[in-house]
Every structure is written in C-alpha cells, then in structure tokens.
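Protein sequence lines, in the order shown, are assigned to chains A and B.
Residue 523 is where the first sequence ends in this note's numbering, and the numbering goes up by one at each step.
Residue 523 is where the second sequence ends in this note's numbering, and the numbering goes up by one at each step.
Every residue gets a Cβ at the ideal spot worked out from N, C-alpha and C, and that includes glycine.
There are 2 protein chains.
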Amino acid sequence: MARPTIADIATRAGVSKGAVSFALNGRPGVSDATRERILKIAEQMSWRPHSAARALGASRVDSVGMVIARPARTLGVEPFFAHLLSGVQSGLSAESISLQLLIVEDTAAEIEVYRRWTSEHRVDGVILVDLTVKDPRVDELRSLELPAVVIGGRGGKGALASVWADDRDAMLSIVEYLAALGHRRIAHVAGTPNFQHTQRRIRAVRDAAPRLGLLDAPSLTTDFSDSEGAAITRKLLSQSDRPTAIVYDSDVMAVAGLGVAMEMGVSVPGDLSIVAFDDSILTQLMHPALTALSRDTFDFGRQAAEVLLETIADPTTVVNRRTPDPVLTVRESTAPPS
Amino acid sequence: MARPTIADIATRAGVSKGAVSFALNGRPGVSDATRERILKIAEQMSWRPHSAARALGASRVDSVGMVIARPARTLGVEPFFAHLLSGVQSGLSAESISLQLLIVEDTAAEIEVYRRWTSEHRVDGVILVDLTVKDPRVDELRSLELPAVVIGGRGGKGALASVWADDRDAMLSIVEYLAALGHRRIAHVAGTPNFQHTQRRIRAVRDAAPRLGLLDAPSLTTDFSDSEGAAITRKLLSQSDRPTAIVYDSDVMAVAGLGVAMEMGVSVPGDLSIVAFDDSILTQLMHPALTALSRDTFDFGRQAAEVLLETIADPTTVVNRRTPDPVLTVRESTAPPS
DNA sequence: CTGGATTGATAAACCGGTATAGCTCCCGAA
DNA sequence: TTCGGGAGCTATACCGGTTTATCAATCCAG
C-alpha cells in the first residue's frame, strides 16, 4: 500500500481515526495498551504524517523561513552564512522542522517575501539577519504577527526576540590588544553604516580611543566589498602619518587590505598589523595568516533556531539570549609597531 | 477580515466555491465575465492561496528541495553554491515555487532526507549536486519516484534529468592554452576521485597529454580542502623535475597552492603558472590574480530549476540540457615558462 | 420543432489530518 | 441502589482548497 494514512491504521487497529490521532500525538484519550498497539502498527506500516494535512487542520506548518538580502556575489565567500545555516538546521532538525531559504536583492523584496509567506501560510516564523538601524522589517513582522528572531542585534524596544553577541566588548578586546602591543595609530575599516553591528563597533573604537591614548582612530565605512576595502586601505597607507594597525570588519576586506599592503611594499606585520573581525578559512589561507576574531557561528545559528521555536510556541514572551563572547585568535599579521 | 478564503470570495461574488476555483486557476467552467468579476474581487480582498490546503487536494506542494552533503566548513568559501542557489531561486520564483535547503554531513543522511520528504509530501522534486560515480542517490530517487534533476553530470542510463557543462572540453582548453605557452610539465591537482566531474577532468588531461607533447601530466586527487591542496603542491614543487604549471580543480586549492609557492620562493608566474578550474572573488583577491575558468553558475542554477519544473510537469520525458561551455579568464598567474 | 451537444454553473465529495461533542462503561460514594 | 463522574473511545465537523457528478439553459443541426 502506498503512503498509509491514519485511516488505514485505524481500520487495521480496529479503532477510530480520532483514537489513532490521539495515540500518535501522545495526548490523553486512549489507554496505554491501545496506544502501544496503534504505535506499533503505525511503525509497521511506516506511517509518516502528511505535512500539508497537518498544516491545514492545526495552523502550524512545521517550517521556518530565512531570507538573506544581499547580492549573491558577496554571499559566497562569506563562510558566515554557511555556518549559520548549518547551525540553524541542527537546531531545527531536533523537532524535524524544515527551513526555507531565500536569497533576494534588497529589503523591499525581503518584506514582500514575508507578506507572501504569511498569506500563504508557508512558515511558522522567520529568522532575521543584518539588522539595520531603523529596520523596517521589525515593524512589518510585528504587523504581520509573524514570530521572528533577530540574529546579531537586540530586537530593540522589546519588539522581537533575539540572539546576540557583544560586538562592543569584542571590538574593545581587539583595540586593547593592539594598544598593548604599542600601536597608537589604529584605523578601523568598517562595514555598511546602517547596520546596527557596524554602529556598535564604531562606537566602541571611538569610546576606547582616549582611554588607551590613541593618537588617531578613524572608522571608515564601506559596503563590505573587497574593492572598497582595498580602496580605503590604499588611501590610509598613502597618508604621511599612516596607521600602524588596521582593523577590518570582515575577513574579505582584511584579505583585500593585505593585498594592497603587499602591492605598496608595506610589510605585514612589520610596518602594519592587520586584524579581521571575523574568522574563516580565508584568513588562514593568507601569508601571513591573519589575526582574527573567532565567533562560534554554528552555535549562533543553533541558538537562534531554539529561540525561534520558543517564540513560536509562546509568542507573548520575548527572549533576548546573549551568546558567549567571541575570542581573538592571534596569528601572524599582528606585531608591535617598528 | 483576516485571510480571506475562496468561500469568502464566493459569497461576495454570489457564486459557488467551485466557480471561484475555476476562475482563479484559469481553467474552463466559467464565463469570461464571471471570471473577471471573481478575479477583481480576489484582488480587492488580496486573496492568496493557502499552500497547505492546495497541497492537500491536488498533490503538488509547490516546493522543491535541495540537499547539500558536505561539511559546512568547506561550504562557506565556495561561492559556487551561493551563485547556484540564487540561480535556482530565480528559476523557481517565476512560478512562485519555494525552495527547501538542507545541509547534511553525508550521503546516507541525504538519502534519509529524501525518504522523509517523500513520505511527508514536503517537496515536488529535488535538485542533486556532486554526482559520484556509482551514485546511490539515483536509484533511491527512482524507487521513491521523486522527480529530480542532476546538476553537473549526465544522469546516466537515461535515469534522471540533468543540466551539465562539458568539463572535458573546458579542461582541454586549459591544457591546450598552457601547452601553447610552452609548458611541457603540467600537473593537475584534482578533487575527490569518486565525483564524476573529477573523473572526466582527469581523463581529459590524460588524453590530451601525448597529443600536446607533454612530458608529464599527473593528476593527483584530493578531498577539495585547502590543506590537501597545499600539501600536494608542496610535494610537487619539491621534485627535481617540478612542473612549470599546475591546474587546480577548485579556486580554494589554487589559492592554497599559490601560498605554498610563495612560501617556497617559487615565483608566480615566473617559475610556475597557476590555473583554477573555477572562478570567484577569491582568485581576484590574490596577488598575482589567478587565471581561472569562469562558469555562469547562476545560469546553471536557473536552468536546473527550469528542467526540474519540466520534469515535475511531465515525469516521463527525461531532459538532458547542455549549458554553454565555460571560458578561460586569463589573469596574472600564467606566463610562458622561464 | 425537436433531440443532442455544449456552455456555465452548482452542490457535494474528497484530500489527511485535528478537535470536539457525545456515548458507553465502570467505579466509588452517598 | 442510585447517581455522578471520569476514562476510553467513536462519530463527525472542520481546515481551504480541487475535482467531479449533475443540472439548467442555450445553441445548432436535421
């Protein structure tokens, strides 16, 4: 028999459909003996719930969504998303909930997807990444009443659940390390200024500068691309009082920066120390290998999944879970200034 | 009113549910006038189909799946998948079909996912990547009667639909280019030997060697990781009659190889030419930038989506679509041997 | 002018589960 | 002895669509 239904199980067990439903979902209404008999038969017939049928009656779909709004070109080299995805999935698979992934061009398209998903009942909740300062997605999701969890930024105003790491402390640990090595001219090549985490990192650098006696600590924003990372580096290294250390907000930009330094004859780490605010194979492929901030992105994803499931189960309580602080992995690209 | 159903539309239009269904799906059974009236009302009420309800009656879910069986660690740096995914989605979005993505550890887990998806009716079809020589997935999918399309390898024995590029011709173009530059000792750092495309590339090198008068053209297999790529390169460059050119099956390995050359004082492209069989930002971030084979991965994905939809619509005909041949993008890492 | 085919629409069954009202026992307390 | 009440189960409505059998009205050919 192809694809047994609970009706098949019911006839075979000599009970009603309802009893089978009760038994399979572990809820009261059948005796232990009957329950066990039903479960055994279901097992024998290798029954599996029909996801659509279940979604129709109850109103959960056992599926969550994640939309990434970035041009595909910049996505691939970012190991961040691959690790995050794996983590999310491992957090979901325990409950055998599936993940819908969508890559779109911009936030407008992303919001459109949320609307469609909601009206078509395709997902029970969503995971948000790359939170911006006044993020329109937050209000939209609230008005759609779609459970959501924000990755890497506090939901703000008690709005959405979130999973976040302390970017401020992380950035401080980098700058303090460089200061301890003796650096006084440190530059910060930041990401897109409208991202919340970019803002927090910039603020951290600015706040720490006087305390650590830094002469200069500019934060320069980019679009996260390798080309802008390279361009800014070229400009920084052309100054008369050029920095002795540069902190990059992504590993791709750090690699591009290293390339520029080599091309300009600036030795790393002799004349210039480089730190990447994100770790991956990339940093280790380089010569010299780059000192970088390592985050447990996989775990990040798993926790996001957990929090999302909690939020779906009980949308009234808003969880804001903090993850362990990232740590600085020192490699060959940092040294005391000459 | 929250989430209008076709029943709501029906009462408002003064017709039956069935008529509404006919109208919305563009099938005969209603007059043009009525159809238009119904469509207008549906539009006004911003009606959207409830995916689960639709999936229950008809037996299509409007959703396809893709499982990637690779450790997450090696996934992130591969821009290949990000581009492929975007392409697949662009091919699906035209029909507003959603994509389920899953990253698992190995093929056994992947097959388990296919079984679950089938029994739970979660997908209408799947896209297969990384076809191996005697791939167990092909038989499994056939016995599950789950429509599928293979990316990057002919389905074999008329089994599954496929979308493929000519790896053989591509590899020949690389080797011929190197030979034309004057290289006679060319090494090939290949990927995992059980992948079909690896086999085809190895065979291409072997077949071309005598015709081009190559003295030596070994193909050495790896697990696609940067570390094995580096290790093999170290071995190759330590030989007394070391190769003057190396072709790498992936850009990550090529980058690792370039690092080894620099570390050993072998100048690129002076003493060694390097070619990557795959292009991405990575190759352009390097100094020197790497000569690489560019494939339109996005288009690849889009075509795969198209073929899959055709296969779902009509499972009897098996499409084997060939995509445009990849082209060699020459950069700074190739030159005549010294 | 009549019979058969065609058009436009309806009512109802159906998909595979979940939720609920209600029925039948059986047990214990008054 | 009777009655209340809970445990165990059945029957059935329901979720939101699709599909089919049916039927009335219209049209055309003979």
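- With a 10 Å radius around the Cβ and a threshold of 16 neighbouring Cβ atoms, Pro521 of chain A comes out exposed.
- With 16 or more other CB atoms across the displayed protein chains lying within 10 angstroms of its CB, Gly444 of chain B is buried.
- DSSP places Val453 of chain A outside both helix and strand once states are collapsed to three, so it counts as coil.
- According to DSSP, residue pairing for Gly310 of chain A in a beta bridge involves A:Val249.
- Pro395 of chain B sits exposed, since fewer than 16 C-beta atoms from the chains shown fall within 10 Å of its C-beta.
- Within chain B, the residues Gln285 and Arg307 have their CB atoms less than 7 Å from the CB of Ser283 of chain A, given in chain order.
- Here the alpha carbons of Ala237 of chain A and Gly276 of chain B stand approximately 24 Å from one another.
- In chain order, Ala372, Arg427, Pro428 and Ile431 place their CB closer than 7 Å to the CB of Leu421 of chain B, counting only its own chain and leaving out the 5 sequence neighbours on each side.
- In the DSSP annotation of this structure, the continuous segment of the alpha helix (DSSP H) that includes Gln488 of chain A starts and ends at Thr482 to Ala498.
- Nearest C-alpha to Pro511 of chain B among B:Ala461, B:Gln469 and B:Ile497: B:Ala461.
- Taking C-beta atoms under 8 Å as the contact rule, Val273 of chain B and Leu284 of chain B qualify, at a distance of about 6 Å.
- Using a CB distance cut-off of 8 Å, Ile288 of chain A counts as an interface residue toward chain B.
- Here Ile223 of chain B is near Ala198 of chain B, since their CB atoms are less than 8 Å apart.
- Between the region 355 to 367 of chain A and the region 464 to 475 of chain A there are fewer than three C-beta pairs closer than 8 Å, too few to call the two in contact.
- Around the beta carbon of Thr508 of chain A, 16 or more other beta carbons lie within 10 angstroms, which makes this residue buried.
- Collapsing the DSSP output to three states places His373 of chain B in a strand.
- DSSP places Trp302 of chain B outside any beta strand (DSSP E); the residue lies instead in the alpha helix (DSSP H), whose first and last residues are Thr292 to Ser304.
- Residue-level contact check: Ser347 of chain A does not touch chain B, since none of the beta carbons of chain B fall below 8 Å from its beta carbon.
- Along the region 423 to 456 of chain A, the positions whose C-beta sits under 8 Å from a C-beta of chain B are Val437, Val440, Ala441, Gly444, Met447 and Glu448, read in chain order.
- Relative to the Cα of Ala344 of chain B, the nearest Cα in the group B:Ser328, B:Arg353 and B:Gly211 belongs to B:Ser328.
- Between the alpha carbons of Pro189 of chain A and Arg233 of chain A lies a gap of roughly 8 Å.
- Put simply, of B:Ala254, B:Thr377 and B:Ser423 the residue whose alpha carbon is nearest the alpha carbon of Asp411 of chain B is B:Thr377.
- Scanning the region 356 to 404 of chain A for uninterrupted beta strand (DSSP E) segments of 3 residues or longer gives 371 to 374, listed from N- to C-terminal end.
- A check of alpha carbon separations from Val453 of chain B across B:Thr303, B:Ala393, B:Thr519 and B:Ala279 identifies B:Thr519 as the nearest.
- Less than 8 Å divides the Cβ of His382 of chain A from the Cβ of Asp352 of chain A.
- Minimum Cα-Cα distance from His235 of chain B among the listed residues A:Gln384, A:Val334 and A:Arg301 corresponds to A:Arg301.
- Taking every protein chain shown into account, the CB of Ala279 of chain B has fewer than 16 other CB atoms within 10 angstroms, so this residue is exposed.
- Along the region 239 to 257 of chain B, the positions whose C-beta sits under 7 Å from a C-beta of chain A are Ala240, Leu241, Val246 and Ala257, read in chain order.
- By the neighbour-count criterion, in which a residue is buried when 16 or more other Cβ atoms sit within 10 angstroms of its Cβ, Gln424 of chain A is exposed.
- Taking the CA atoms as reference points, Val504 of chain B sits about 11 Å from Gln488 of chain B.
- In this model, Leu270 of chain A and Met449 of chain A are separated by some 38 Å (Cα to Cα).
- Residues of chain A with a Cβ closer than 7 Å to the Cβ of Ala490 of chain B do not exist; the shortest Cβ-Cβ separation is about 13 Å.
- Annotation: Val374 of chain A to Glu290 of chain B spans about 36 Å, alpha carbon to alpha carbon.
- Under the 8 Å Cβ criterion, the region 482 to 499 of chain B does not count as touching the region 386 to 394 of chain B, having fewer than three qualifying pairs.
- At a cut-off of 8 Å between beta-carbon atoms, Ala192 of chain A makes no contact with chain B.
- About 15 Å separates the beta carbon of Asp484 of chain A from that of Asp463 of chain A, a gap too long to meet the 8 Å contact definition.
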